[in-house]
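Residue numbers (numbering that gives the first Met the number 0): 0 to 271.
Just so you know, even glycine gets a beta-carbon here, dropped at the ideal spot from N, CA and C.
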Amino acid sequence: MSSFEAYNLGELNYEELLNISGPELRDLICQHLVVKASVKDLAPQLFLDLCRKMGRLRKPRQQYTHPEFPDLFLVTNRRDNEGQKTGLFADGEIGWHSNGVCIPNLKEICVGLYCVEPADGSVTRWVNTRRAYQNLSESEKSEFENLVLQLKFRNNKFYKFDDSDFEMKVLKNLDVVEKPLVMSHPFTEKNGLYFPHHFVENFRDLSGLTCEKKSLLERLEKIVFKDEYIYDHLWSKGDIVFSDQLHSLHKRNDFSGDRLLYRTAFDYKYCN
Ligand SMILES: [Fe+2]
């Protein structure tokens, strides 16, 4: 039985959604990590407007974007007339990850998703890594606060990309990046574990010594991936989900049928 739940704003029309201020929505996301709502037939422009109330959108990369709204990424298995992919993460299962794992000083710590077509049985699962940290003993907290992750993208770890996929062109050029295993959240100032395990190349301590990777990985996986920290979201048409990318990870199951989500990633600068 899961005890981590998304904060649910319920069924709203767009006017009701607009009545929530940017800072109010930002604070809910930073506090609860996953915030959901249901808004029927939300136009792409309105979804963008909503995200821009909270911050600046990640610069688009001109591929896998909405044909009329290039600031909006598509997550879809739809193909064009030539049979080419038209969106990110087209098919199949995606393992645990968060946005921008291999980007140093990541600013875009929120991801917004809007479900246009849910497919059959499409579930995204979030794990609350802040709660995993909070439930550690004091000695484990001290131990983990002393550790740094060395992170690198490798294909066939969290997802099987084809060599021709656009994501591969971006991800394969990213260098090893170091991030602390325990991250203080910039808006709540609470600590949480940052543990995108599929990207971990090595652990080191603050003095620079490399730690034994296998046993630490296994130990942390047992600590983090517990049912009580996990929320499963079965997608329906019109669902909006915002999620924090520092203190949660997410993954997707396999599915069948037509699936289309709009996706944004943004920081909280100029939130109003
Ligand atoms: Fe994702």
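When the alpha-carbon of residue 250 is set against those of 258, 61, 230, the nearest one is in 230. Within the segment 81–162, the complete beta strand (DSSP E) segments of 3 residues or longer fall at 93–96, 109–119, 122–127, 146–150, listed in chain order. Residue pairing from DSSP places residue 6 in a beta bridge opposite 34. Proximity of the segment 162–169 to the segment 116–125 falls short of the contact definition, fewer than three beta-carbon pairs being nearer than 8 Å.
Two segments are said to touch when three or more pairs of C-beta atoms, one from each, lie closer than 8 Å; by this definition the segment 253–266 touches the segment 108–118. Taking non-hydrogen atoms of ligand 1 into account, the C-beta of residue 197 is found less than 7 Å away from none of them.
Taking all protein chains shown into account, residue 243 has 16 or more neighbouring C-beta atoms within 10 Å of its C-beta and is therefore buried. The closest CA to that of residue 233, considering only 29, 35, 15, is found on 35. Ligand 1 never approaches residue 246 closely enough for any of its heavy atoms to be under 7 Å from the residue's Cβ. By the rule of a C-beta closer than 6 Å to any heavy atom of ligand 1, the residues picked out are 96, 249.
Residue environment analysis places residue 175 among the exposed positions, since fewer than 16 neighbouring C-beta atoms fall within 10 angstroms of its C-beta.
Note that the C-beta distance between residue 132 and residue 191 is below 8 Å. The criterion of a C-beta distance shorter than 8 Å is not satisfied by residue 75 and residue 82.
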